[in-house]
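Take a look at the structure below.
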Amino acid sequence: MLAMDYRGPRRVRIEHKPMPVIQHPRDAVVRVTRSCICGSDLHLYHGMVPDTRVGMTFGHEFCGVVEEVGPDVQNLKRGDRVLVPFNIACGQCHFCKQGLFGNCHESNAQATAVGGIFGYSHTAGGYDGGQAEYVRVPYADFGPTLIPDWMDPDDAVLLTDVVPTGYQAAEMGGIQKGDTVVVFGAGPVGLMAARCAWLFGAGRVIVIDHVEYRLEFARTYCPAEVYDFREIGDPVVFLKKITEIGADVCIDAVGADASGNAWHTLFGKKLKFEAGNATPLAWAINSVKKGGVVSIVGVYGPTGNMIPIGNVVNKGVTIRANQASVKRLLPRLIDHVQAGRIDPKGLITHRVPLEDVAEAYHLFSSKLDGCIKPVLIP
Ligand code: NAD
Ligand code: ZN
Numbered sequence: 001m002l003a004m005d006y007r008g009p010r011r012v013r014i015e016h017k018p019m020p021v022i023q024h025p026r027d028a029v030v031r032v033t034r035s036c037i038c039g040s041d042l043h044l045y046h047g048m049v050p051d052t053r054v055g056m057t058f059g060h061e062f063c064g065v066v067e068e069v070g071p072d073v074q075n076l077k078r079g080d081r082v083l084v085p086f087n088i089a090c091g092q093c094h095f096c097k098q099g100l101f102g103n104c105h106e107s108n109a110q111a112t113a114v115g116g117i118f119g120y121s122h123t124a125g126g127y128d129g130g131q132a133e134y135v136r137v138p139y140a141d142f143g144p145t146l147i148p149d150w151m152d153p154d155d156a157v158l159l160t161d162v163v164p165t166g167y168q169a170a171e172m173g174g175i176q177k178g179d180t181v182v183v184f185g186a187g188p189v190g191l192m193a194a195r196c197a198w199l200f201g202a203g204r205v206i207v208i209d210h211v212e213y214r215l216e217f218a219r220t221y222c223p224a225e226v227y228d229f230r231e232i233g234d235p236v237v238f239l240k241k242i243t244e245i246g247a248d249v250c251i252d253a254v255g256a257d258a259s260g261n262a263w264h265t266l267f268g269k270k271l272k273f274e275a276g277n278a279t280p281l282a283w284a285i286n287s288v289k290k291g292g293v294v295s296i297v298g299v300y301g302p303t304g305n306m307i308p309i310g311n312v313v314n315k316g317v318t319i320r321a322n323q324a325s326v327k328r329l330l331p332r333l334i335d336h337v338q339a340g341r342i343d344p345k346g347l348i349t350h351r352v353p354l355e356d357v358a359e360a361y362h363l364f365s366s367k368l369d370g371c372i373k374p375v376l377i378p
């Protein structure tokens, strides 16, 4: 079968690989029909996730058709259309029982923080992902969810990550009616978080980025008030001014190096890695109001030293963060899509044959050609 193949930082290609097989009674094999590239894949692509091995297939946002099931998978059969949450979760461990499906204890042998994730390095379990014609799905009696007949696969594939992540970003913010919410990052995740902020009752939604076409998109898609951080001086001072007491909720939908430059340069200068104020997370902490909430869905490496922890303590800021718990959120998100309150496929700008995976990574990483969300079609 054809599959994406990681060769090293910023080098991916298409390759012939062996077909996946059932390895455990709870496995399924899924024929992939849609597979997205995510901002999280860019962390792998940029070489910043530990233990990302050459030869791995990335891809944690995919949907498809069940090809084969193991003997313990009673709820699925060959031919079923399924969307597969990016978290690999057993559904039975201490953490899964609490609905923390992103922190499953069984699906990742290291099990120190994150649970298993498809195509996300050996730090996240070493599973091959779905940027391929076929993929092995462990714990298939728990994770995969039937795609309703009425649902477009372009909507379904975004329910595997972007929609639940954006929604959970807003949920973790504990948004109250009328709140001012600031979202850092106008990538797919930030755009979805801003859109979902309204569902929780926000009164004002502000999006900050520096990619012009993404800000333009946010203006109508979310819809949001938008600012280019290169044009507003110090974003913390600016946000204090326009919100008077600070934002009620700030959402970090950037993370480390999501754009390939957030950590390395700002205003064309090298960032100093000291207790500085120039990362989106520091901006969020410094511009939220006293007693406010900072919700982090941006993905970080194991350490980060740019957090103004003194302000967290002195302002009484609540920080909430996690990988999205996709399976927990799916029932209500499917309702929102059906009712037209969320438009997932509205984010897709590029439909690319799987064979052109290298070009798709380049477009998405470099923010070229108006790219917001690319979907690979095997
Ligand atoms: P993306 O790379 O498309 O978007 C990131 C955006 O942040 C870009 O538009 C970039 O220009 C912008 N940006 C860079 N520096 C900034 C700054 N200083 N201030 C404001 N904006 C800035 O990525 P995405 O797919 O939207 O994902 C966003 C983040 O969410 C990534 O870190 C990704 O790993 C993470 N993520 C987390 C989860 C989860 O479950 N927690 C799931 C999916 C993605
Ligand atoms: Zn993703």
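With UniProt numbering applied, the sequence shown corresponds to residues 1 to 378, in that order.
Note that CB positions come from ideal geometry on N, CA and C, so glycine has one too.
Treat the numbers as computed from the prediction; the structure is a model and nothing was measured.
Contact check, residue i vs residue j, beta carbons under 8 Å
i, j, result
"A365", "G99", "Per the sequence shown, the amino acid found at residue 365 is Ser instead of Ala. No."
"N311", "N286", "yes"
"R31", "G64", "yes"
"H165", "V317", "The identity of residue 165 in the sequence shown is Thr, whereas the question assumes His. Cβ atoms of T165 and V317: not closer than 8 Å."
"A193", "I242", "no"
"G173", "V249", "yes"
"L44", "Y120", "yes"
"A140", "T57", "no"
"M1", "Y134", "yes"
"D161", "H60", "yes"
"A169", "L83", "no"
"P85", "F101", "yes"
"A256", "G301", "yes"
"K327", "L158", "no"
Close Cβ partners of residue i (< 8 Å) along its chain, the five nearest in sequence each way excluded
i, result
"G201", "I175, Q176, K177, G178 and D179"
"G292", "G246, A247, D248, V249, C250, K315, V317 and T318"
"P18", "M1"
"P9", "Y45, H46 and G47"
"E216", "V226"
Residue i: first and last residue of the uninterrupted beta strand (DSSP E) it sits in
i, result
"H16", "R11 to H16"
"M4", "L2 to G8"
"S35", "A28 to C36"
"T318", "T318 to A321"
"P374", "K373 to I377"
Residue i, buried or exposed, once every other Cβ within 10 Å from all chains shown has been counted against 16
i, result
"I309", "exposed"
"V21", "exposed"
"V237", "exposed"
"A224", "buried"
"L76", "buried"
"Q23", "exposed"
"R195", "buried"
"G233", "exposed"
"F273", "In this predicted model, F273 has a pLDDT of only 39, less than 50, meaning its place in the structure is not dependable; the value taken from the coordinates is given anyway. The residue in question, F273, is exposed, as its Cβ has fewer than 16 Cβ neighbours within 10 Å."
"V54", "exposed"
"D27", "buried"
"R81", "buried"
"K289", "buried"
"P25", "exposed"
"G187", "buried"
"P235", "buried"
"P331", "exposed"
"W263", "Residue placement at W263 cannot be trusted, given a pLDDT of 40 that sits under 50; what the coordinates show is reported in the next sentence. When all chains shown are included, W263 counts as buried."
"R34", "buried"
"A360", "buried"
Proximal residues to residue i (C-beta, below 7 Å), its chain only, five neighbours per side dropped
i, result
"I348", "D154, K373 and V375"
"R13", "D5, R7 and A358"
"N108", "V114, G115, G116, A124 and G125"
"C90", "C96, C104, E106, S107, Y139 and F142"
"T52", "Y6, L44 and S121"
"V254", "F184, G185, A262, P280 and G298"
"R351", "V375 and I377"
Same chain, Cβ closer than 6 Å to residue i, five either side skipped, listed in chain order
i, result
"H210", "D228, F229 and R230"
"S40", "V299"
"P50", "T123"
"N103", "F95 and G115"
"H336", "I342"
"L281", "D252"
"I147", "R81, L83 and A156"
"Y213", "G370"
Range covered by the alpha helix (DSSP H) that runs through residue i
i, result
"V357", "V357 to S366"
"P280", "P280 to S287"
"R195", "P188 to L199"
"L158", "P153 to L158"
"R332", "V326 to Q338"
"L215", "E212 to Y221"
"V66", "First-last for V66: F62 to V69, but that is the beta strand (DSSP E), not the alpha helix (DSSP H)."
"I309", "I309 to K315"
"C96", "H94 to K97"
Residue-chain proximity (residue i, chain D), Cβ-Cβ < 8 Å
i, result
"I37", "Protein chains in the displayed structure number just one, and chain D is not present."
Sequence-ordered residues whose beta carbon comes within less than 6 Å of a heavy atom of ligand 2 | In chain order, the qualifying residues are C38, S40, H60, E61, F86 and D161.
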